[in-house]
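See below for the structure under consideration.
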Amino acid sequence: MAGPRQIWPGAAMRRFFAALLARETSLDEAARDRLAEALSKPIGRLLVYHDPSDGPTAAAGADADAPLPVPVPEPVPAPVPALVAPEPAAEAPTPAAFDPFAFSVVAVLKRSGPAALLERLSAIADADHLRRLADAQHLALAPAGGTPVPDDLDGLRHAIVAGAEARLAERRAAAS
Amino acid sequence: MAQFLAVANRKGGVGKSTIAVMLAHAAALWGGKRVLLLDLDSQCNATLILIGGQGWSEARKAGHTIADYFYELFDGNNPEPREYLKHNVSDLVDARGKKPRISLLPGSLLLEDVQGELFVKQARESKDPEIVGSQVRGKLERLLRRFAGSYDLVILDCPPGLSLAALAALKTADRVLVPFRPDYVSQLAVDRVAMLIEGKRTLDDVEQIPLDQRRYVCLANGVRMGTRDQVLVDEIAIAHPILATQLPMLDSIADAFDWDPRPKTIEVKYGAAAGSIRRLYEEIDQSFFRLAPAA
Chain A
74 MAGPRQIWPG AAMRRFFAAL LARETSLDEA ARDRLAEALS KPIGRLLVYH
124 DPSDGPTAAA GADADAPLPV PVPEPVPAPV PALVAPEPAA EAPTPAAFDP
174 FAFSVVAVLK RSGPAALLER LSAIADADHL RRLADAQHLA LAPAGGTPVP
224 DDLDGLRHAI VAGAEARLAE RRAAAS
Chain B
11 MAQFLAVANR KGGVGKSTIA VMLAHAAALW GGKRVLLLDL DSQCNATLIL
61 IGGQGWSEAR KAGHTIADYF YELFDGNNPE PREYLKHNVS DLVDARGKKP
111 RISLLPGSLL LEDVQGELFV KQARESKDPE IVGSQVRGKL ERLLRRFAGS
161 YDLVILDCPP GLSLAALAAL KTADRVLVPF RPDYVSQLAV DRVAMLIEGK
211 RTLDDVEQIP LDQRRYVCLA NGVRMGTRDQ VLVDEIAIAH PILATQLPML
261 DSIADAFDWD PRPKTIEVKY GAAAGSIRRL YEEIDQSFFR LAPAA
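First to last, the protein sequences are chains A and B.
Under the working numbering, the final residue of the first sequence carries the number 249; numbering is consecutive throughout.
Under the working numbering, the final residue of the second sequence carries the number 305; numbering is consecutive throughout.
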């Protein structure tokens, strides 16, 4: 599989700048080439590499007069609020696009308590989604050697709460 | 008077040295601060990033590393701290081509040996290992403070684990920055270092301290896109203060730490990561440097 490639390759970028400088200034060719090189290097490092799985983009070696491709800003993760207890995360996604990481089960339990966590989990009405949530966030749905994993929605939700409580207890034990 | 900022985590490989250097760059270039970085990690990564392999070799041959300084001191001599420092280090320049005011006390592979020898020497005065350890740590704390000199900011790049130097750094620092990677094993490391920093025996005791009154703040480093890492970051945040800025996992950060003597601006050096580093510096500047040191 081909690796990611730069949206605006260096050679095309330099030709663009050189042509622009030729149109807009009276600099000689050597000076235009030096400036085009000096501009291309830092800009080339700022542009994000494009993932080909997103679809076709402007081909390499495009016409120097072609419109600039829009640089894709470097993806930055959403910030977590600092120094204060964050608000609970957004509502769980719809069943059509279930995200098992939409919110931290352990964080909701710790900040808001088991009742609040059960309420959040009640928005997930698909048993498979509940199981995926537990699996993704490493929450044991049945104690080792204990009762079987419940298969009803209510049982699964309570099992997730118990699993999160066990994770918190584990963390405290490790830190003690 | 210099503010001391320790960059610490018991866990290795979380980005302590790289973040220490990033902050030194940012504070000197964007903040206009006079910065001193003390490399307390015997892996010497911060030293290699700032002066390269040849620069480090020259410092070792000249006897100008942190271990050399401590040896001289513990032998009863009174070395001048400034003689051990390298000035105007790093490959950065500002927009006018001027080097930032960053000084470095180069690290040493022998720093752990120094601590061991100091422990043995001190043990002649007391047989109680706890007392001996406490006295050695106290001496190291006083030595670290000697470097305050004419700097605005002293960054302590701490080693992983629990060496006497790491403990001395945590005690000396006005503030501690705790980088972590969003993974499950990081929780224990962050919980434990928080207990050390606040001098508490349990995580519950640490959590009794309001978030805005703690001496430390955590920084998520190497964060991947998507919600998975945010869940792990949030699990750290339930017990600890965390900076809103997160450092993404970017090739441009990794590439920036390959030593290259050719001068460049901070934006060129860090490429796509420069924006994140700027936000990090501004957030630390607002929430840390402009506050009075915690009691």
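Backbone N, C-alpha and C fix where the C-beta goes; we use that ideal spot for every residue, glycine too.
This structure is a prediction, so every number in the text was calculated from the model and none was measured.
{"Query": "How far does the alpha helix (DSSP H) with Pro-187/A in it extend, from its first residue to its last?", "Result": "187-194"}
{"Query": "Mind pulling the chain B residues with CB within less than 9 Å of Val-179/A?", "Result": "Val-241, Asp-244, Glu-245, Ile-248"}
{"Query": "Name, going along the chain, the residues of the segment 198-224 of chain B whose beta-carbon falls closer than 8 Å to a beta-carbon of chain A.", "Result": "Leu-198, Asp-201, Arg-202, Met-205, Thr-212, Leu-213, Asp-214, Leu-221, Asp-222"}
{"Query": "Out of curiosity, what's the CA-to-CA distance linking Pro-82/A and Arg-88/A?", "Result": "10 Å"}
{"Query": "Rounding to the nearest angstrom, what Cα-Cα distance links Asp-136/A and Ala-85/A in this structure?", "Result": "Residue confidence for Asp-136/A is low, a pLDDT of 45 falling below 50, so the modelled location carries little weight and cannot support an answer."}
{"Query": "Give me the residue from Glu-293/B, Asn-19/B, Met-259/B, Arg-106/B with the minimum Cα distance to Tyr-280/B.", "Result": "Met-259/B"}
{"Query": "By DSSP, does Gly-117/B sit in helix, in strand, or in coil?", "Result": "coil"}
{"Query": "With 7 Å as the C-beta to C-beta threshold (strictly closer), list the residues of the segment 221-242 of chain A near chain B in chain order.", "Result": "none"}
{"Query": "Assuming contact is defined by CB atoms lying nearer than 8 Å, are Val-181/A and Arg-193/A in contact in what I supplied?", "Result": "yes"}
{"Query": "Determine, for Tyr-291/B, whether the minimum Cβ-Cβ distance to residues of chain A falls below 8 Å.", "Result": "no"}
{"Query": "I want to verify the contact list: residues of chain A whose CB lies under 9 Å from the CB of Tyr-194/B, in sequence order.", "Result": "His-211"}
{"Query": "Please check the pair Ile-165/B and Leu-33/B, which I expect to be a contact at CB under 8 Å, by giving their CB distance rounded to whole angstroms.", "Result": "6 Å"}
{"Query": "Quick check: His-250/B and Ala-176/B, are their CB atoms within less than 8 Å of each other?", "Result": "no"}
{"Query": "First and last residue of the beta strand (DSSP E) that includes Asn-231/B?", "Result": "226-233"}
{"Query": "Give me the Cβ distance between Lys-274/B and Leu-102/B, rounded to the nearest whole Å; I'm assuming they're in contact under 8 Å.", "Result": "7 Å"}
{"Query": "How would you label Arg-152/B, buried or exposed, when you count the other beta carbons within 10 angstroms and need 16 or more for buried?", "Result": "exposed"}
{"Query": "Does Arg-87/A have its Cβ less than 8 Å from a Cβ in chain B?", "Result": "no"}
{"Query": "Just the C-alpha distance for Phe-90/A and Ala-284/B, rounded to the nearest angstrom, thanks.", "Result": "24 Å"}
{"Query": "DSSP three-state call for Asp-49/B: helix, strand or coil?", "Result": "strand"}
{"Query": "Evaluate Ala-237/A with the Cβ neighbour count: other Cβ atoms within 10 Å of its Cβ, from every protein chain shown; 16 or more gives buried, anything less gives exposed.", "Result": "buried"}
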